[in-house]
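Student: Residues 598 to 1807 (the numbering used here) are what the sequence shown spells out, left to right.
This is the structure I have questions about; it appears just below.
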Amino acid sequence: MKLSTKRVRIGVLLTLLIAAVVAMVAISVLHRYQVDRNAGGLAALARSKLADGKTDEALGLFNRYLIYRPDDAVAHAEFARLIIKRAKRADSSRNVRAYAYDTLETAVRKNPEDTHLRLELASMMLMLGRFRQAGTELNILREQVAAAPPVAADAPADDADDADDGDETIGLDQVDAMRAQALAGEGDYQGAASVAAAIIGFDLKSKKAAKTLPSNRFARQASLLLASLLDEKLRDKEAAERVLQQLVAMDPNDFRVWLAVANWHWTHKEFSQAAIDVAKAASIAPDDPDVLFTNIEIALAQKRLDAAEKLVLQARGMFPDDERVYRGLAAVSMQQGNPSKAVDDLREGLGLRPDEASLLLMLADILIQQNRIPEAEETIARFLKKQDGTSPAAGLMEARLLIAQQRWLPAKQKLEAVRPLVAASDSLMKQVDLCIAQCHEQLGEFDEQLAANRRVLSEDHTSVAAQIGIAGALAAAGKQDEALAEFETIAAALPANLLDKTPQIWNPLLQLRAVEQMKRPAAERDWTKVDQLLDAVEQSATVADAQVALLRCDILVRKGDAAAAMALLQKTVDTNPTVSQPLTALVLLTLREEGPAAARSLIDKAPPELAADPAMLLVQAQLAAREPTEEATAHFGLIETQADALPAVQASRVLSVIGSIRRAMGERRDAERLWKSALEKTPDDLRIRTSLFELACEEGDVEQARLAADEIERLAGPTSAQGRVSHAAALILDARVQQARQASLITPAGPGTTMPALTPAVDEQLVAAKTLLLEAENIRPGWSQIQQLLAEIASLRGDIPTAIDRLQQATQRGPANPKVIRQLVSLLYLSNRLDEAQQSLALLGPDGLVGFDRLSVEMELSAGKFDEAVASAERGLASQSQPTAAELLWFGQVLVRGGQAERAGEILRQAVEADPTRAEAWLALFSQKVTTGQRRAAEQTLEKALENISVPQRQLVAAHGYETLGRIEDAEQNLREAIAEAPDNAAVTRSLASFLVRRGRLAAAREQLQAIIAGSEADSASKAARHWARRSLAELIAGTGEYRDVERALAIIDENADSEKTLTADDLLLKIGILANRPEPRSWRRAISLLDELSALQPLSAIQRLQRAQLMDKAGRWEECRNELVSLASAVNSPSIAQSILVDKLIRHGELAAAATWLKKLAALTPEAPSVFELQARLSLAENDRPAAVAAARRLVPDESGEPPTEGLA
């Protein structure tokens, strides 16, 4: 019974299990059936919605369908075509275009034989700037089209522009036109030109057209592209004009031909020819909207406002819904000087087309120009809402809004974020770079301002804005002669009637011409060109009389006629009593000529409405700085109260400048308080943050410096050059403070005492600081502050030669900083490099010297105002009850530079009497005697100096003096005595070794270097001396060229390694230099390995990367060499030598097409460089073009017969 029951239960269970399985299968089948039915319904419904014109709904349905049927290739193609139409709309966002690209790429992969889809994919790649990928797709497409059965003909030209994407037959001309675009986008301009020329039958060598000319839109596209390439990239304007002539000959009765030519001439700013061309188009198709609107734009470009207005009104009657009507109306209103009407015109258009992107952008632009900031913000927000915040045009507009608000740092950051997004648009890229340059200018980043403008000019050599920016950056960087030459060139190219209407040119040109005259002796100054320009400006209706008066007063003061200037200013103030500029100029001139009391009386008489004017407040602050303490305090308090009531940006600027004035007065706490008050108005002001950082560094406050560096990094960005440099400076400050603290614990042992050795922790900080600075140098190679800080690191380590080199680089890369020059001069004196020290003093220019008597004298000396400089220095000296030796020394040097050598001798004699132990004073007096030919007096001066100066300075001064006088044995004897007196003084021991090398006594030099190396002193200077000595000894030994000596030299350098067997960058560089010049491939490979090791310590400089690339080539690694050279040559701020070497290597390796492309870029940057002519000649020979080679060589080395030698060029 139990068994039977058990069997029944098992049977029931089996039945239930089978039933469950059947049910599950049934459910799965039913679900699959439902999915198939629903999916099919989605596809059918999508097509139905599409037929009804409901595209958006169709897109959503297709998207859902493809989730269920991801392998339906046909549906993928349909969906892709729909989304592409959406992406092509003017208001499509970047996200929509990106989604369309991904969808289209998927559709092409699922439909590889669908040529129209592949064409769309290539087109989108071109639009997105993916030129290499587009070229790949177009090559596949060309093979597909070529293999397809032949058709009777392409779609007619008249219908081609409007043909449906899926119906038009794809021809080879269409594909090749796109291939030419892709090649041009990649930078292969010669290849692009060849493809485009083949389409239209144009022979690039003979510059002649084919007898049978094609006539279709792709031939038009190819013609315009070819003309642009020839004109802009290949620099062959004659050939470009012939291509345009051929384009017209294709079909002279086709208005689109004339319209295309008109647009070409218009974009090239040839407006007169463009007007002729569009008139011909209008005669054929007077009612065509494109012809009409092109005619309007050309009329506006030619300032034919009546004609433009008439055409716009005609267009309004014919095409009232076209957004171009309202942009045209606004453009006419703007040129008529009626921006309010322009705003109304655009808002009328937006009433009809509320989301029209072009109208919103133009409206925002005009509102920004009119400083209607809240309205501009609302308009941009409205545009961004439609664009999903991804439009680069909107980003550019946001940046311009920040510029209008004078928020320069966030504007720069916004522009840098926008820049990669506009890479495919030359016009937008140009706008972005010009705006970036403006931001750099306002932030004081003149090296970056120069680089940004040069980027613009490299692509558009006609850009006047970029030329002005370059000249302005050069002037701001203290390179006034170069700046003047640039402005003179710009002015010469400008029509005479426009110069006085362009203050961006004539104003700096006038100032630089005046500065040029001030550098000359008074008797040699010629003010003719200055006066001529000023007279032309005075005749201009666009320059106010008050401004002309201010300019004339400035020139009068420079000419030395202050009385006439004051009279003219007083007259101008009387005529314009409520204008602040003439009054502030009069107050400042009165302060200079008559003192604070007279200047204060002018301010007391000023109209009440000028009391709170920002310019007047700043002048009052300068006046207060010259008043007695009690009066100054009261006046500063009143000024601060008035400034605090100004709008935030103005208040911040005034408080910041007053803070700088108080800092110059030595009132640091007041300066800090004022800067912090300014930051409450504008918290993101990078310049004020930098001022607080510099103040903390001056006071040695490491903690405050770190906090300020954190703020700078927050504002500028963690990867910015500013952030890195500020943190590096804080690390160096900490190292300096620790070093000084350690030195204070050591009892001074006399003049020869050196600083204590750097602790491992301090040395580690300096390594970290140097790494940060080298990273910053890669970002901003022209920033002089980086070199200053690297010099400070070298000084802390006792490496004086490197410190000097870095300081010299700093003076070459930026405006002359008096503090930096004094440091440089001091180090040069210490190193017995007196001639260079005197040369360095001459680098001081006018920037940054206002408010400092001594620096003002340097300014006058640099400007050639020697008499004024001496007088100013004498006034400053007279104000001292008992001048110090340092002050007398300085005054004596001023007299020497001012041409008063006899008097200088007397003052320098007083300096040595004031402090007979001061070595610098004795050396200056000795040099004065030598340079004035008083040899006997120089000898006597040297004898007296040696009686007063203590060891080891006594021997060093004697050695310098005796070497100058030709008493070489005495010089050497004194150097050896100095060593005997101070054997542990690293500077002394190095002086003797350097002397021996200079005299060519290499054996003795080796002995001295070995003696230095044998030392065991633990201080940092001695360690640095031993490292220096090993490097110097290695150089001497390797100089024999013998392989064994080279290996010995390398082994000596290896002794500089630390406990972890790591060499410094200086040691690695020396080893690299020794090995790189060897003839053995093994040495080249070792040099490459060392460069790789160096790159792990610090980023390689451009020169070091070039060296590595050339070594790779020598070692048979051409591909790696090529990649490295291309990377270097393509980089922003790339030195021209990189492109020269790249072209040379490409020619040597037979890659002539690539060599030609890079050579054209190089020639555009340095058109008159001899290296360019040589490379052009060599390339022409390699291409078997002997006439071109001879022409290039003739420019390089012409001989008397006119035939250049060409044998060596092969």
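Where a beta carbon is used, it is the ideal one built from N, C-alpha and C, also for glycine.
Could you check which residue in 1586, 1593, 1369, 1311 has the C-alpha nearest to that of residue 1560?
Tutor: Position 963 of the sequence shown holds residue 1560. Answer by Cα proximity: 1593.
Student: Quick check on the DSSP output: the alpha helix (DSSP H) that includes residue 1767 runs from which residue to which?
Tutor: Your numbering for residue 1767 matches position 1170 in the sequence shown. For residue 1767, the uninterrupted alpha helix (DSSP H) segment begins and ends at 1767 to 1779.
Student: Locate the alpha helix (DSSP H) running through residue 1278, then write down its first and last residues.
Tutor: Residue 1278 sits at position 681 when you count from the first residue of the sequence shown. Residue range 1265 to 1278 is occupied by the alpha helix (DSSP H) that includes residue 1278.
Student: Can you look up residue 983 in the DSSP assignment and give me helix, strand or coil?
Tutor: Residue numbering aside, residue 983 sits at position 386 when the sequence shown is read from its first letter. Residue 983: helix per DSSP, three-state reduction.
Student: Within 10 Å of its beta-carbon, does residue 1465 have 16 or more other beta-carbons around it, so buried, or fewer, so exposed?
Tutor: Looking up residue 1465 in the sequence shown gives position 868. Residue 1465 is buried by the Cβ-count criterion.
Student: Taking 7 Å as the limit between beta carbons, can you name the residues of its chain near residue 1684, skipping five residues before and five after?
Tutor: On the sequence shown, residue 1684 is found 1087 positions in, with the first residue counted as 1. Contacts found: 1669, 1672, 1673, 1708.
Student: Pull up the CB-CB distance for residue 1867 and residue 1148, whole angstroms please, since I reckon it's below 8 Å.
Tutor: Past the boundaries of the shown model lies residue 1867; the chain is included only from 598 to 1807, so the question cannot be answered.
Student: Let me make sure I understand the geometry here. Which of 1257, 1068, 1275, 1358 has the alpha-carbon closest to that of residue 1268?
Tutor: Here residue 1268 corresponds to residue number 671 of the sequence shown, with the count starting at 1. Among 1257, 1068, 1275, 1358, the Cα nearest to that of residue 1268 is on 1257.
Student: Straight-line CA distance for residue 1346 to residue 1215?
Tutor: The sequence position of residue 1346 within the sequence shown is 749, counting from 1. The sequence position of residue 1215 within the sequence shown is 618, counting from 1. In this predicted model, residue 1346 has a pLDDT of only 36, less than 50, meaning its place in the structure is not dependable enough to derive any value.
Student: Quick check on the burial criterion: 16 or more other C-beta atoms within 10 angstroms. Buried or exposed for residue 759?
Tutor: If you number the sequence shown from 1, residue 759 lands on position 162. With a pLDDT of only 41 at residue 759, under 50, the local geometry of the prediction cannot be trusted, and no value is derived from it.
Student: When the Cα of residue 948 is compared with those of 1596, 923, 1023, which residue comes out closest?
Tutor: For this step, residue 948 is matched to residue 351 along the sequence shown. Closest option to residue 948, Cα to Cα, is 923.
Student: Taking the alpha carbon of residue 1087 as the reference point, which residue from 1074, 1073, 1475, 1104 has its own alpha carbon closest?
Tutor: Counting from 1 along the sequence shown, the entry for residue 1087 is found at position 490. Out of 1074, 1073, 1475, 1104, 1104 has the C-alpha closest to the C-alpha of residue 1087.
Student: My output table needs one value for residue 1787: the three-state DSSP class, helix, strand or coil.
Tutor: As a working mapping, residue 1787 is identified with position 1190 in the sequence shown. Helix at residue 1787.
Student: What are the start and end residues of each continuous alpha helix (DSSP H) run of 4 or more residues lying completely inside the region 863 to 939, in chain order?
Tutor: 868 to 881, 886 to 898, 902 to 915, 920 to 932
Student: Any heavy atom of the ligand ADP inside 7 Å of the beta-carbon of residue 1403?
Tutor: In terms of ligand content, the structure shown is empty, and the ligand ADP therefore cannot be addressed.
Student: Report the three-state DSSP secondary structure of residue 1752 (helix, strand or coil).
Tutor: Walking along the sequence shown from the start, residue 1752 turns up at place 1155. If DSSP states are grouped into helix, strand and coil, residue 1752 belongs with the helices.
Student: For residue 1777 and residue 1786, what's the separation of their Cα atoms in angstroms?
Tutor: Residue 1777 sits at position 1180 when you count from the first residue of the sequence shown. Residue 1786 sits at position 1189 when you count from the first residue of the sequence shown. The straight-line gap separating the alpha-carbon atoms of residue 1777 and residue 1786 is approximately 5 Å.
Student: Cβ of residue 897 within 8 Å of Cβ of residue 912?
Tutor: Translated into positions along the sequence shown, residue 897 becomes position 300. Translated into positions along the sequence shown, residue 912 becomes position 315. Contact flag unset, no.
Student: For residue 1224 and residue 1193, which I take to be in contact (beta-carbon distance under 8 Å), what is that distance rounded to the nearest angstrom?
Tutor: Position 627 of the sequence shown, counted from the first residue, corresponds to residue 1224. Position 596 of the sequence shown, counted from the first residue, corresponds to residue 1193. Correct: roughly 5 Å between the Cβ atoms.
Student: Count the other C-beta atoms from every protein chain shown that fall within 10 angstroms of the C-beta of residue 745, then say buried if there are 16 or more, exposed otherwise.
Tutor: Numbered from 1 along the sequence shown, position 148 holds the residue referred to as residue 745. The residue in question, residue 745, is exposed, as its Cβ has fewer than 16 Cβ neighbours within 10 Å.
Student: Rounded to the nearest angstrom, what separates residue 1525 and residue 1489 at their Cα positions?
Tutor: Against the sequence shown, residue 1525 aligns to sequence position 928. Against the sequence shown, residue 1489 aligns to sequence position 892. Distance from the CA atom of residue 1525 to the CA atom of residue 1489, rounded to whole angstroms, is 9 Å.
Student: For a test of the three-state rule: what should DSSP assign to residue 1664, helix, strand or coil?
Tutor: For the purposes of this step, residue 1664 is identified with residue 1067 of the sequence shown, where counting begins at 1. Correct three-state label for residue 1664: helix.
Student: In this structure, how does DSSP classify residue 685 when only helix, strand and coil are distinguished?
Tutor: For the purposes of this step, residue 685 is identified with residue 88 of the sequence shown, where counting begins at 1. In this structure, residue 685 counts as coil in the three-state DSSP scheme.
Student: Which one of 1468, 1481, 1521, 891 has the shortest CA to CA distance from residue 1495?
Tutor: Residue numbering aside, residue 1495 sits at position 898 when the sequence shown is read from its first letter. Distances from the alpha-carbon of residue 1495 to those of 1468, 1481, 1521, 891 put 1468 closest.
Student: Name, in chain order, the residues that DSSP records as bridge partners for residue 549.
Tutor: Outside the shown range of the chain (598 to 1807) lies residue 549, about which nothing can therefore be said.
Student: Which of the three DSSP states is assigned to residue 805 in this structure?
Tutor: In the sequence shown, residue 805 corresponds to position 208, counting from 1. DSSP places residue 805 in strand when its eight states are reduced to three.
Student: Go to residue 797, then tell me how far its alpha helix (DSSP H) extends in each direction, as first and last residue.
Tutor: As a working note, residue 797 is residue 200 in the sequence shown. Boundaries of the alpha helix (DSSP H) harbouring residue 797: 786 to 797, taken from the DSSP string.
Student: So for residue 1651, helix, strand or coil by DSSP?
Tutor: In the sequence shown, residue 1651 corresponds to position 1054, counting from 1. In this structure, DSSP gives residue 1651 a helical state, which the three-state scheme calls helix.
Student: Is the beta carbon of residue 1207 less than 8 Å from the beta carbon of residue 1175?
Tutor: Here residue 1207 corresponds to residue number 610 of the sequence shown, with the count starting at 1. Here residue 1175 corresponds to residue number 578 of the sequence shown, with the count starting at 1. Closer than 8 Å, so yes.
Student: So what does DSSP say about residue 800, is it helix, strand or coil?
Tutor: Locating residue 800 in the sequence shown gives position 203, counting from the first residue. It is a strand residue.
Student: How far does the alpha helix (DSSP H) with residue 1720 in it extend, from its first residue to its last?
Tutor: Here the question's residue 1720 lines up with position 1123 in the sequence shown. Looking at the DSSP string, the run of the alpha helix (DSSP H) that includes residue 1720 is 1715 to 1727.
Student: For my contact list, residue 1071 and residue 1080 are in at a C-beta cut-off of 8 Å; report their separation, rounded to the angstrom.
Tutor: Sequence index remark: in the sequence shown, residue 1071 carries index 474 (1-based). Sequence index remark: in the sequence shown, residue 1080 carries index 483 (1-based). Indeed, because the Cβ distance is near 4 Å, the residues count as touching under 8 Å.
Student: Give the secondary structure of residue 1055 by DSSP, where H, G and I count as helix, E and B as strand, and everything else as coil.
Tutor: Here residue 1055 refers to the residue found at position 458 of the sequence shown. Residue state, collapsed to three classes: helix.
Student: Using the C-alpha atoms, what's the distance from residue 875 back to residue 565?
Tutor: Since the displayed the chain opens at 598 and closes at 1807, residue 565 lies outside it and no answer follows.
Student: So, at 8 Å on beta carbons, what are the nonlocal neighbours of residue 1211 in its own chain, with the 5 sequence-adjacent residues on each side left out?
Tutor: Position 614 of the sequence shown holds residue 1211. Closer than 8 Å at Cβ, skipping near neighbours: 1240, 1243, 1247, 1250, 1251.
Student: What's the gap between the Cα of residue 1717 and the Cα of residue 1710?
Tutor: Position 1120 of the sequence shown, counted from the first residue, corresponds to residue 1717. Position 1113 of the sequence shown, counted from the first residue, corresponds to residue 1710. Straight-line Cα distance between these residues: approximately 8 Å.
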